[in-house]
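S.K.: Here's a structure for you.
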């Protein structure tokens with residue numbers, strides 16, 4: 001039919017006598033026939049089916065345990081033989097058509113050659129390594145994993161409790177022989193102590209290969225020996241304890257080091273020391289918890305605060321309990337100010353003394369009076385309407401951090417009522433939590449931190465948070481840690497900023513580990529204590545050996561922190577400086593980086609675990625001298641390439657190049673007619 005339409009159209013147009021030659025006439029008719037026939041054909045919506053065939057070669061992943069224990073406790077000739085064997089294995093398998101990739105514990109480290117590895121990873125998470133490989137190659141042609149390890153696991157769960165759908169070829173390194181060794185296994189202490197009080201530091205010492213004698217344990221600070229204990233090494237026990245009682249009158253962060261003196265014939269002294277990091281404070285922070293009326297929230301807040309020994313709590317209910325006449329470091333006002341003027345005396349005391357305050361609004365709150373307090377949030381409710389919401393952390397809030405575990409727990413909280421209406425956050429205030437309505441994450445604030453440095457203020461827009469603590473306690477064995485941390489950190493934030501500093505530079509966590517990215521946040525204010533941004537700030541960081549490093553950054557409105565990367569363990573002092581409005585400003589503080597010594601605690605390799613992994617996958621345990629046999633076994637497993645094909649249907653009319661072909665044909669016909677004297 002399409003050909004007939006094209007032929008009829010060409011015959012009708014070019015059958016009459018024309019001013020050009022017959023050959024040109026036939027050529028023009030052919031062009032018109034082609035264009036019209038093809039256009040009619042496109043009206044039928046034809047499509048093209050294409051089939052693409054791909055071949056995926058089998059892949060072998062070399063999973064290398066690059067932890068410190070492998071480098072420390074594997075004899076160097078054996079380790080060199082193992083890495084050279086891996087390199088030769090990779091070359092041989094690639095020659096046989098295999099794809100070979102190397103994975104390690106170090107995120108992002110994909111060395112081209114296994115013999116270029118450095119064994120410096122601070123932890124060993126074999127299950128995480130194997131699980132990550134399985135997820136990366138899900139649905140792909142993974143022929144197996146060659147796991148080179150000493151079998152020591154000190155992070156994550158044991159891999160023998162996981163199921164892997166690929167064969168594991170275990171190559172064992174390390175040393176399974178028991179060593180004559182004394183190691184400092186655990187330090188037990190309270191991380192917060194009060195100046196002038198005695199506090200214990202308890203050290204647990206494990207030992208092997210010693211049946212008599214004594215070990216000398218020392219407590220040191222800044223290299224000075226404070227106390228010494230002698231621990232008997234008896235044959236009937238393999239663990240002893242040494243307890244130190246310490247008194248300090250200097251507030252601030254302190255680092256104490258517990259050291260076991262090396263013994264004759266001891267295998268290694270690397271695991272003979274640990275550090276205790278304490279924050280010594282002047283005294284307990286006085287917290288006033290005042291409510292408009294008895295409420296379940298008050299009990300939840302009191303329980304959360306009493307989990308922390310750093311707070312002394314006073315509860316006040318107008319008309320029920322008297323208000324003690326004392327100074328408070330921070331106040332929690334539950335539904336105060338309230339309608340009817342209730343609680344006027346506590347409001348007057350808080351405002352006159354500029355006590356940092358956490359406001360919790362609810363059904364009894366007087367929003368007109370609240371808006372006059374300058375908290376950084378203005379609430380204009382629409383009658384008594386409410387929304388049912390759950391908390392969602394603000395990802396750019398940097399005053400304190402939210403752990404991954406806390407995010408999961410927040411998602412399981414029941415909805416709580418918040419006022420429905422217009423919520424306006426003023427400049428200088430920060431939103432810590434947003435509202436989530438059902439599954440919709442909104443930008444409406446739920447927890448706001450504002451005020452000025454002279455009087456920090458925060459607002460929680462629900463009086464139903466008691467349900468959150470109750471639900472979390474039911475779900476997690478009576479351990480509502482996420483709720484308690486939220487309340488405690490909010491109070492700590494309010495009290496930490498009860499000053500008139502125009503430059504406030506702070507670490508974003510109470511303490512970091514040697515594997516963390518150390519980050520700093522900063523706040524800058526003008527002469528009337530309004531938040532300003534884009535200020536150049538210099539940060540000088542000094543370690544315990546008086547080595548100083550200098551950093552420079554600019555604070556921005558999005559709250560992006562300064563990233564310092566990882567730092568060695570220890571106690572650091574920092575001095576921040578900036579010029580604000582032509583005046584030089586400084587801020588000082590301390591930074592705590594805790595050492596992780598997981599890799600030096602256990603020197604005895606666990607080849608039995610490697611054997612179990614290999615056996616479950618139908619393989620066996622190999623040693624560095626057996627890479628030739630390992631290469632043969634992988635080839636004899638007869639892994640095949642996977643050939644896959646994919647069909648694709650595409651409408652012919654969507655091919656753009658056809659438009660230009662048709663345009664060229666029509667243009668050629670028109671140009672020929674014009675050139676030959678036609679129209």
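In UniProt numbering, the protein residues as written are 1 to 679. The C-beta atom is built at its ideal place from N, Cα and C for all residues, glycine as well.
List the residues that DSSP assigns as beta-bridge partners of residue 206.
M.R.: In the chain shown, the residue the question calls residue 206 occupies position 206. Answer by DSSP bridge pairing, in chain order: 183, 239.
S.K.: Please go through the segment 340 to 412 and give each complete alpha helix (DSSP H) segment of 4 or more residues, from N-terminal end onward.
M.R.: 344 to 352, 367 to 371, 404 to 411
S.K.: Using DSSP bridges, identify the partner residues of residue 49.
M.R.: Stepping through the chain shown from its first residue, residue 49 is reached at position 49. DSSP, once it has assigned bridges, lists 649 as partnering residue 49.
S.K.: Taking the Cβ atom as the reference point for each residue, do residue 170 and residue 630 lie within a distance shorter than 7 Å?
M.R.: On the chain shown, residue 170 is found 170 positions in, with the first residue counted as 1. On the chain shown, residue 630 is found 630 positions in, with the first residue counted as 1. No; because the gap between Cβ atoms is not below 7 Å, this pair is not in contact.
S.K.: What three-state label does DSSP hand residue 490 in the structure shown?
M.R.: Reading the chain shown from its first residue, position 490 is the one you call residue 490. Of the three classes helix, strand and coil, the one that applies to residue 490 here is helix, per DSSP.
S.K.: For the alpha helix (DSSP H) containing residue 661, name the first residue and the last one.
M.R.: Locating residue 661 in the chain shown gives position 661, counting from the first residue. Element bounds for residue 661: 656 to 675.
S.K.: Please identify the residue among 255, 283, 144 whose C-alpha is closest to the C-alpha of residue 277.
M.R.: Position 277 of the chain shown, counted from the start, is the residue given in the question as residue 277. With distances taken between Cα atoms, residue 277 lies closest to 255.
S.K.: Report all residues from its chain with a CB closer than 8 Å to the CB of residue 230; omit the five preceding and five following residues, and keep chain order.
M.R.: For the purposes of this step, residue 230 is taken as residue 230 along the chain shown, with counting starting at 1. Excluding sequence neighbours, residue 230 sits near 214, 215, 216, 217.
S.K.: Shortest alpha-carbon distance to residue 245 belongs to which of 384, 219, 183, 643?
M.R.: Counting from one through the chain shown, the residue named residue 245 turns up at place 245. Nearest of 384, 219, 183, 643 to residue 245, Cα basis: 219.
S.K.: In three-state DSSP terms, what is residue 79?
M.R.: Position 79 of the chain shown holds residue 79. Reduced to three states, the DSSP call for residue 79 is helix.
S.K.: Three-state secondary structure (DSSP) at residue 282?
M.R.: By 1-based counting over the chain shown, the position of residue 282 is 282. Correct three-state label for residue 282: coil.
S.K.: Roughly how many angstroms lie between the CA atoms of residue 208 and residue 65, to the nearest whole one?
M.R.: The sequence position of residue 208 within the chain shown is 208, counting from 1. The sequence position of residue 65 within the chain shown is 65, counting from 1. Going by the C-alpha atoms only, they are around 25 Å apart.
S.K.: Is it buried or exposed, residue 602, if we count other Cβ atoms within 10 angstroms and call 16 or more buried?
M.R.: By 1-based counting over the chain shown, the position of residue 602 is 602. Buried, by the Cβ-count rule.
S.K.: Would the beta-carbon of residue 168 be found less than 6 Å away from any heavy atom of the ligand NAD?
M.R.: The ligand content of the structure shown is nil, which means the ligand NAD is not present either.
S.K.: Could you work out which residue in 26, 19, 21 is closest to residue 11 when comparing CA atoms only?
M.R.: Residue numbering aside, residue 11 sits at position 11 when the chain shown is read from its first letter. Ranking 26, 19, 21 by Cα distance to residue 11 puts 26 first.
S.K.: Does DSSP put residue 167 in a helix, a strand or coil?
M.R.: Working through the chain shown from its first residue, we reach residue 167 at position 167. In this structure, residue 167 counts as coil in the three-state DSSP scheme.
S.K.: Per DSSP, what kind of secondary structure is residue 472 in: helix, strand or coil?
M.R.: What you label residue 472 is simply residue 472 of the chain shown in a count that begins at 1. When secondary structure is reduced to three states using DSSP, residue 472 falls in the helix class.
S.K.: Using CA atoms only, rank isn't needed, just tell me which of 581, 280, 638 is closest to residue 526.
M.R.: If you number the chain shown from 1, residue 526 lands on position 526. Comparing Cα-Cα distances from residue 526 to each of 581, 280, 638, the minimum goes to 581.
S.K.: Can you name the start and end residues of the alpha helix (DSSP H) that residue 314 belongs to?
M.R.: Residue 314 sits at position 314 when you count from the first residue of the chain shown. Where residue 314 is concerned, there is no enclosing alpha helix (DSSP H), although the beta strand (DSSP E) it sits in stretches over 311 to 316.
S.K.: Report the residue from 297, 56, 50 whose alpha carbon sits nearest the alpha carbon of residue 640.
M.R.: Numbered from 1 along the chain shown, position 640 holds the residue referred to as residue 640. Taking only the C-alpha atoms, the option nearest residue 640 is 56.
S.K.: CA-CA distance, residue 292 and residue 431?
M.R.: Stepping through the chain shown from its first residue, residue 292 is reached at position 292. Stepping through the chain shown from its first residue, residue 431 is reached at position 431. Taking the straight line from one Cα to the other gives about 25 Å.
S.K.: Who does residue 253 pair with in a DSSP beta bridge?
M.R.: Translated into the one-based positions of the chain shown, residue 253 becomes position 253. Answer by DSSP bridge pairing, in chain order: 279.
S.K.: Thinking residue 459 and residue 377 are a contact (beta carbons under 8 Å), I'd like their distance in whole angstroms, please.
M.R.: Looking up residue 459 in the chain shown gives position 459. Looking up residue 377 in the chain shown gives position 377. With a Cβ gap of about 5 Å, residue 459 and residue 377 count as contacting.
S.K.: Please go through the same chain and pick out, in chain order, the residues whose beta-carbon is closer than 7 Å to the beta-carbon of residue 389, but skip the five residues on each side of it.
M.R.: Along the chain shown, read from residue 1 onward, the residue named residue 389 stands at position 389. Closer than 7 Å at the Cβ level, and outside the excluded window around residue 389, lie 415, 416, 418, 435, 436, 437, 446.
S.K.: Taking just the CA atoms, how far does residue 43 sit from residue 409?
M.R.: The residue given as residue 409 occupies position 409 in the chain shown. The residue given as residue 43 occupies position 43 in the chain shown. Between residue 409 and residue 43, the C-alpha separation is close to 58 Å.
S.K.: When we look at the beta-carbon of residue 490 and count the other beta-carbons within 10 Å, is it buried (16 or more) or exposed?
M.R.: Mapped onto the chain shown, residue 490 falls at position 490. Result: buried.
S.K.: Counting C-beta neighbours from all protein chains within 10 Å, is the total for residue 69 16 or more, i.e. buried, or is it exposed?
M.R.: Indexing the chain shown from 1 puts residue 69 at position 69. It is buried - the Cβ of residue 69 has at least 16 other Cβ atoms within 10 Å.
S.K.: Does the distance from the C-beta atom of residue 455 to that of residue 420 stay below 7 Å?
M.R.: Counted from its first residue, the chain shown places residue 455 at position 455. Counted from its first residue, the chain shown places residue 420 at position 420. Against a cut-off of 7 Å, the Cβ pair of residue 420 and residue 455 comes out as no contact.
S.K.: Suppose you measure from the CA of residue 488 to the CA of residue 304; what does that come to, to the nearest Å?
M.R.: Stepping through the chain shown from its first residue, residue 488 is reached at position 488. Stepping through the chain shown from its first residue, residue 304 is reached at position 304. About 7 Å.
S.K.: Going by DSSP, name the residue or residues bridged to residue 232.
M.R.: In the chain shown, counting from the first residue as 1, residue 232 sits at position 232. According to DSSP, residue pairing for residue 232 in a beta bridge involves 214.
S.K.: To which residues of the same chain is residue 558 closer than 8 Å at the C-beta, ignoring the five residues directly before and after it?
M.R.: Against the chain shown, residue 558 aligns to sequence position 558. Excluding sequence neighbours, residue 558 sits near 396.
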